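Chains as they are written, first to last, in this note's numbering: chain V, 269 to 609; chain H, 165 to 510.
Virtual Cβ for every residue (Gly too), placed ideally from N, Cα, C.
This one's a predicted model, so the numbers in the text were calculated from it and none came from an experiment.
What follows is a single structure, written as structure tokens, with notes after it.
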Amino acid sequence: MNLVLICGGTGTKMWPESTPDKPKQFLPFIDGKSTLRVNFERLAKFVYLNKIWVLTTKDLAPLVKLELPEVDVDHYVIEPARKNHGPAIGLLSTRLAKIDPNEPFMIVQTDVIREPETAFREMVMLAEEVVNRTGKLITAGYRAKEMVAGVDYMEIEELKSNHHVTYGKVKKWLTRDKVVEIKRAVKLGKAYVHATHICWRPGLMLEAIKELKPDWWNCLKDVLEAESQYLKMEPGSIENEIISHKIKGGYVIEMPFEWHDLGTWASVAIYQETRDKKPELRAKIEIEANNNFVRVSDEKKPVALIGVSDLVVVDTPNGLLICKKDQSGRVGEVVKELEGL
Amino acid sequence: MKPILICGGVGTKMWPESRPEKPKHFLPLIDDKSLFRLNYETLLKKFKPEEIFVQTTEFQKGLVKTEAPEIPEKNIFLEPEVRNTGPAIGLTAALLSRMGYGDEPFVLIQVDDLREPDDRFLEMIEVTGKMALESDKYITGGFKPERVVRGVDYLVKGRLLSKENGIVVYEVADYIDRTETEKIEKYLGSEDLLLHTNHTTMTPNNYLKMYRELRSDWYEPLAAIVAGGDVNENFMKMTKGPQEEVTPTMHRSGRSIVVEIPFKWVDFGTWESVAIYQETRDKKPELRAKIEIEASNNFVRMSDPNKPVALIGVSDLVVVDTPNGLLICKKDQSGRVGEVVKALEA
Numbered sequence: 269m270n271l272v273l274i275c276g277g278t279g280t281k282m283w284p285e286s287t288p289d290k291p292k293q294f295l296p297f298i299d300g301k302s303t304l305r306v307n308f309e310r311l312a313k314f315v316y317l318n319k320i321w322v323l324t325t326k327d328l329a330p331l332v333k334l335e336l337p338e339v340d341v342d343h344y345v346i347e348p349a350r351k352n353h354g355p356a357i358g359l360l361s362t363r364l365a366k367i368d369p370n371e372p373f374m375i376v377q378t379d380v381i382r383e384p385e386t387a388f389r390e391m392v393m394l395a396e397e398v399v400n401r402t403g404k405l406i407t408a409g410y411r412a413k414e415m416v417a418g419v420d421y422m423e424i425e426e427l428k429s430n431h432h433v434t435y436g437k438v439k440k441w442l443t444r445d446k447v448v449e450i451k452r453a454v455k456l457g458k459a460y461v462h463a464t465h466i467c468w469r470p471g472l473m474l475e476a477i478k479e480l481k482p483d484w485w486n487c488l489k490d491v492l493e494a495e496s497q498y499l500k501m502e503p504g505s506i507e508n509e510i511i512s513h514k515i516k517g518g519y520v521i522e523m524p525f526e527w528h529d530l531g532t533w534a535s536v537a538i539y540q541e542t543r544d545k546k547p548e549l550r551a552k553i554e555i556e557a558n559n560n561f562v563r564v565s566d567e568k569k570p571v572a573l574i575g576v577s578d579l580v581v582v583d584t585p586n587g588l589l590i591c592k593k594d595q596s597g598r599v600g601e602v603v604k605e606l607e608g609l
Numbered sequence: 165m166k167p168i169l170i171c172g173g174v175g176t177k178m179w180p181e182s183r184p185e186k187p188k189h190f191l192p193l194i195d196d197k198s199l200f201r202l203n204y205e206t207l208l209k210k211f212k213p214e215e216i217f218v219q220t221t222e223f224q225k226g227l228v229k230t231e232a233p234e235i236p237e238k239n240i241f242l243e244p245e246v247r248n249t250g251p252a253i254g255l256t257a258a259l260l261s262r263m264g265y266g267d268e269p270f271v272l273i274q275v276d277d278l279r280e281p282d283d284r285f286l287e288m289i290e291v292t293g294k295m296a297l298e299s300d301k302y303i304t305g306g307f308k309p310e311r312v313v314r315g316v317d318y319l320v321k322g323r324l325l326s327k328e329n330g331i332v333v334y335e336v337a338d339y340i341d342r343t344e345t346e347k348i349e350k351y352l353g354s355e356d357l358l359l360h361t362n363h364t365t366m367t368p369n370n371y372l373k374m375y376r377e378l379r380s381d382w383y384e385p386l387a388a389i390v391a392g393g394d395v396n397e398n399f400m401k402m403t404k405g406p407q408e409e410v411t412p413t414m415h416r417s418g419r420s421i422v423v424e425i426p427f428k429w430v431d432f433g434t435w436e437s438v439a440i441y442q443e444t445r446d447k448k449p450e451l452r453a454k455i456e457i458e459a460s461n462n463f464v465r466m467s468d469p470n471k472p473v474a475l476i477g478v479s480d481l482v483v484v485d486t487p488n489g490l491l492i493c494k495k496d497q498s499g500r501v502g503e504v505v506k507a508l509e510a
């Protein structure tokens, strides 16, 4: 099984710390380490180094190489341009299939933290076992207690358990716009929110692309040409084009760990609160202020908060953000507005 | 008439912009001008620089000279040490007297306030200056407060003395110290209650005469200074104390006069007051990159004009960002900013 650390995106929601040159996966959120580095170190505890791969873009590759000097350069799959995950995973599959079309791979997102890390290991082992046994597409998710916007769902029909890890056979993929069906499945307790951990054989992935996205396939079929053909590929999401069609009859593993998606400042704040070791600022003065999350890049600069609560405050030379925690999902709008100025 | 610009304190409530090296009255608060400069410019409409005096400390002398380079050095009076307003104003009177201006009225102008329209202020001192020549009474200013404010002193109006050019002058019937809350409440809503805003106007010799009667321990060293004695040595003989150790006796014995100030007295004590003042003006300072999403009524000052600031889901905040510190404060609590400075010192 190959584990593929995927590192793309811009993370505009983490402005002003994240910038196009330094997306959120590279920011030192966890005891001074980036989430990319933390994910790599955790994988390296139970996977041989020659089973770890990196899927990233041309512009981010130099940063990844600085963070993960241990990964061999041959294990980098570099997208020549940003085309979303569809073409990227196609390119990855081509490269892996050349080595062994039957050895499964799993996509590991690096802007999230999975805890406890041992539970992630169990999930990886289960996914490998199920793919090897059934040849079916696997991904991960969690049971939806209520419908939330902005995510996709799967309806399951049969639950199984293996070493405390639960997984279900997928009956149907429910795109986020299928509100009625999602709500019905949620009510029945059969709806799972998709949390990408795509796991499959690269050969089967390529066959699925050949069947469903022949335009992509034409660019990918010759591994030697794939990179040069990449620029011709139409951008697209792997979920919409491939997973949504092929997950039926496949399996969704119920994530046996806490999934901390450090996608917004509020999520970083919540994550920090769950930890014993909290980063402390040299001079943070709070007067009738509480539950504020403060990050200041200049650690000598004092910060005073008076009469305010539930704020995210992030100060860097690139900008100052002051945001109610529950609205930190809107930070991306700031980046858009700044681009327009 | 000799106008005296007084500047001493730091104004810790304006942290992080105000610092001991840059007290609040030297901050570029309004159209990039400081309160000191704005008050000085008001005076320049009527006075020559050599007619304007400054009472300050050694520490702030350099800033005074930068902001008002035209004022001659001999007109800048330095308190050898901070001993509060009693000795400080006494020293100013003594030094004026020593320079030969003992019978020419002076007026104290605090530079952490603005007076608008400032022409009315100039008209007022025309009137009070004349009165100070004719009378040895203690003359000061006051205005009818819209609501009772804490932390200030009050005067109770007595007999109407004059009403020239719309400038109304009364005898003072009583003085109410800021600590006398019960008495303040008794007068609440009364037409007779005036909030005291110090615009002390007297001739230096009359001012010193007042000390001679009421604080001879302050008067003796000051008289020595008038006579040419050493300023530092004599100043240090005076014990610390506010001018209010003398003036209440004047107020309560029918020996003081209050002019109802014919202008708006804008006090810049807190960031909220700066925010309120900016809102009343047509010309609002705009930041290059200030982005507000579901945010309103926030007052933002960034020392780096190119640094973007984004406010999301917040309102009624004061945000002040400088390399020395970042303040995020609910406007109505900006009076507590001084506590930050204390906490940082600890």
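Of the residues H:Pro184, H:Trp179 and H:Met178, the one placed nearest Gly172 of chain H, counting alpha carbons only: Position 8 of the second sequence holds residue 172 of chain H. Among H:Pro184, H:Trp179 and H:Met178, the Cα nearest to that of Gly172 of chain H belongs to H:Pro184.
Could you spell out the range, first to last residue, of the alpha helix (DSSP H) harbouring Leu227 of chain H? Looking up residue 227 of chain H in the second sequence gives position 63. Unbroken alpha helix (DSSP H) run through Leu227 of chain H: Glu222 to Glu231.
Give the residues of chain V in contact with Val504 of chain H, contact being defined as C-beta atoms less than 9 Å apart. Locating residue 504 of chain H in the second sequence gives position 340, where the first residue counts as 1. Proximity of chain V to Val504 of chain H at the Cβ level (cut-off 9 Å) is accounted for by Ile553, Ile555, Pro570, Ala572 and Ile574, in chain order.
Using a Cβ-Cβ cut-off of 8 Å (strictly less than) and excluding sequence neighbours within five positions of Met402 of chain H, which residues of its own chain qualify? Here residue 402 of chain H is taken as the residue at index 238 of the second sequence, counted from 1. Apart from sequence neighbours up to five positions away, the residues of its chain that approach Met402 of chain H with a beta-carbon distance below 8 Å are Arg247, Gly250, Pro251, Gly254, Asp381, Trp382, Pro385 and Leu386, ordered along the chain.
Under 8 Å by beta carbon: chain H residues contacting Leu579 of chain V: What you label residue 579 of chain V is simply residue 311 of the first sequence in a count that begins at 1. Per Cβ cutoff of 8 Å: Val478 and Ile492.
Considering Cα atoms alone, identify which of H:Glu222, H:Arg419 and H:Lys177 is closest to Ala572 of chain V. Here residue 572 of chain V refers to the residue found at position 304 of the first sequence. Of the candidates H:Glu222, H:Arg419 and H:Lys177, the one whose C-alpha sits nearest the C-alpha of Ala572 of chain V is H:Lys177.
Regarding Leu488 of chain V and the ligand NAD, is the C-beta to nearest heavy atom distance less than 8 Å? Ligands are entirely absent from the displayed structure, and the ligand NAD is therefore not among its contents.
Residue interval of the beta strand (DSSP E) (run including Phe285 of chain H): As a first step, residue 285 of chain H must be located in the second sequence, where it is residue number 121. It is not in any beta strand (DSSP E) - Phe285 of chain H instead sits in the alpha helix (DSSP H) that spans Asp282 to Glu298.
In this structure, how does DSSP classify Ile424 of chain V when only helix, strand and coil are distinguished? Translated into positions along the first sequence, residue 424 of chain V becomes position 156. Here DSSP, grouped into helix, strand and coil, assigns Ile424 of chain V to strand.
At the 9 Å Cβ level, is Glu458 of chain H part of the contact set with chain V, yes or no? Here the question's residue 458 of chain H lines up with position 294 in the second sequence. Yes, its Cβ sits closer than 9 Å to a Cβ of chain V.
Between the CA atoms of Ile357 of chain V and Lys366 of chain V - distance to the nearest angstrom: In the first sequence, residue 366 of chain V corresponds to position 98, counting from 1. In the first sequence, residue 357 of chain V corresponds to position 89, counting from 1. Each residue's Cα considered, the two are about 14 Å apart.
Would you call Arg401 of chain V buried or exposed, if buried means 16 or more other Cβ atoms sit within 10 Å of its Cβ? To locate residue 401 of chain V, count along the first sequence from 1; it is residue 133. So Arg401 of chain V ends up on the exposed side.
Is the separation between the beta-carbon of Thr584 of chain V and that of Ser565 of chain V shorter than 9 Å? Here residue 584 of chain V corresponds to residue number 316 of the first sequence, with the count starting at 1. Here residue 565 of chain V corresponds to residue number 297 of the first sequence, with the count starting at 1. Cβ distance < 9 Å, so Thr584 of chain V and Ser565 of chain V count as in contact.
Based on the DSSP secondary-structure assignment, which residues constitute the bridge partners of Val423 of chain H? Residue mapping note: residue 423 of chain H aligns to position 259 of the second sequence, counting from 1. According to DSSP, Val423 of chain H bridges with H:Gly305 and H:Val333.
The segment 432-444 of chain V: positions lying closer than 9 Å to chain H by Cβ: Those would be none; no residue qualifies.
Going by C-alpha distance, which of V:Asp483, V:Ile515, V:Asn486 and V:Glu383 is nearest Leu530 of chain V? Here residue 530 of chain V refers to the residue found at position 262 when the first sequence is read from its first residue. The candidate whose alpha carbon is nearest that of Leu530 of chain V is V:Glu383.
Quick check on Gly264 of chain H: does DSSP put it in helix, strand or coil? For the purposes of this step, residue 264 of chain H is taken as residue 100 along the second sequence, with counting starting at 1. Gly264 of chain H falls in the helix class under three-state DSSP.
Between Gly279 of chain V and chain H, is there a C-beta pair that is closer than 9 Å? Indexing the first sequence from 1 puts residue 279 of chain V at position 11. Closer than 9 Å: no.
Indicate the three-state DSSP secondary structure (helix, strand or coil) for Pro167 of chain H in the structure shown. Within the second sequence, residue 167 of chain H is the residue found at index 3, counting from 1. Secondary structure at Pro167 of chain H: strand, using DSSP grouped into helix, strand and coil.
Proximity test, Cβ basis, 9 Å: Asn586 of chain V and chain H: Working through the first sequence from its first residue, we reach residue 586 of chain V at position 318. Closer than 9 Å: yes.
Per DSSP, Tyr519 of chain V is paired with what? Start at 1 with the first residue of the first sequence, and residue 519 of chain V comes out as number 251. Paired residue(s): V:Ile406 and V:Lys437.
If I follow the unbroken alpha helix (DSSP H) through Gln497 of chain V, where does it start and stop? Here residue 497 of chain V refers to the residue found at position 229 of the first sequence. Where Gln497 of chain V is concerned, the enclosing alpha helix (DSSP H) stretches over Ala494 to Gln497.
Would you mind giving the Cβ-Cβ distance between His360 of chain H and Val316 of chain H, rounded to the nearest angstrom? I have them listed as a contact below 8 Å. Counting from 1 along the second sequence, the entry for residue 360 of chain H is found at position 196. Counting from 1 along the second sequence, the entry for residue 316 of chain H is found at position 152. Between His360 of chain H and Val316 of chain H the beta-carbon gap is near 7 Å, inside 8 Å, which marks them as a contact.
With 16 other CB atoms within 10 Å as the buried threshold, where does Thr343 of chain H fall? Here residue 343 of chain H is taken as the residue at index 179 of the second sequence, counted from 1. With fewer than 16 other CB atoms across the displayed protein chains lying within 10 angstroms of its CB, Thr343 of chain H is exposed.
Residue of H:Gly499, H:Val464, H:Phe427 and H:Val482 minimising C-alpha distance to Met288 of chain H: Looking up residue 288 of chain H in the second sequence gives position 124. When only C-alpha atoms are compared, the closest one is H:Phe427.
Can you give the beta carbon distance from Glu502 of chain V to Asp483 of chain V, rounded, assuming they're within the 8 Å contact cut? Locating residue 502 of chain V in the first sequence gives position 234, where the first residue counts as 1. Locating residue 483 of chain V in the first sequence gives position 215, where the first residue counts as 1. About 6 Å separates the two Cβ atoms, so the contact holds.
At a Cβ threshold of 9 Å, is Asn488 of chain H touching chain V? Your numbering for residue 488 of chain H matches position 324 in the second sequence. Taking Cβ atoms only, chain V reaches closer than 9 Å to Asn488 of chain H, which makes this a yes.
Could you work out which residues of chain V lie near Ala453 of chain H, taking near to mean beta carbons separated by less than 9 Å? In the second sequence, the residue the question calls residue 453 of chain H occupies position 289. Residues of chain V whose Cβ lies closer than 9 Å to the Cβ of Ala453 of chain H are, in chain order, Gly587, Glu605, Leu606 and Leu609.
Where Arg598 of chain V meets chain H, residues with beta-carbon distance less than 9 Å: Position 330 of the first sequence, counted from the first residue, corresponds to residue 598 of chain V. Residues of chain H passing the Cβ test: Ile457, Glu458, Ile476 and Gly477.
Taking only the alpha-carbon atoms, compute the straight-line gap between Lys281 of chain V and Ile590 of chain V and give it to the nearest angstrom. Taking the first sequence and counting its residues from 1, one reaches residue 281 of chain V at position 13. Taking the first sequence and counting its residues from 1, one reaches residue 590 of chain V at position 322. Whole-angstrom Cα-Cα distance: 13 Å.
Measure the Cβ-Cβ separation of Leu378 of chain H and Met414 of chain H and say whether it is below 9 Å. Numbered from 1 along the second sequence, position 214 holds the residue referred to as residue 378 of chain H. Numbered from 1 along the second sequence, position 250 holds the residue referred to as residue 414 of chain H. Yes. Within cutoff.
Determine the direct distance from the alpha carbon of Leu490 of chain H to that of Gly277 of chain V, and round the result to whole angstroms. Your numbering for residue 277 of chain V matches position 9 in the first sequence. Your numbering for residue 490 of chain H matches position 326 in the second sequence. So the alpha carbons of these two residues sit roughly 31 Å apart.
Kindly say whether Asp621 of chain V, judged by its beta-carbon, lies nearer than 9 Å to any beta-carbon of chain H. With chain V covering 269 to 609 only, the question about residue 621 of chain V has no answer from this structure.
Can you give me the Cβ contacts of Ser498 of chain H inside the same chain, cut-off strictly under 6 Å, excluding the 5 residues immediately before and after it? Numbered from 1 along the second sequence, position 334 holds the residue referred to as residue 498 of chain H. Thr434, Trp435, Glu436 and Val482.
Which two residues bound the contiguous beta strand (DSSP E) that contains Asn326 of chain H? Walking along the second sequence from the start, residue 326 of chain H turns up at place 162. A small correction: the amino acid at residue 326 of chain H is Ser; Asn does not occupy that position in the sequence shown. Start and end: Tyr318 to Glu328.
Selection from H:Ile457, H:Glu245, H:Met165 and H:Asn329 that minimises the alpha carbon distance to Ile273 of chain H: Indexing the second sequence from 1 puts residue 273 of chain H at position 109. Of the candidates H:Ile457, H:Glu245, H:Met165 and H:Asn329, the one whose C-alpha sits nearest the C-alpha of Ile273 of chain H is H:Met165.
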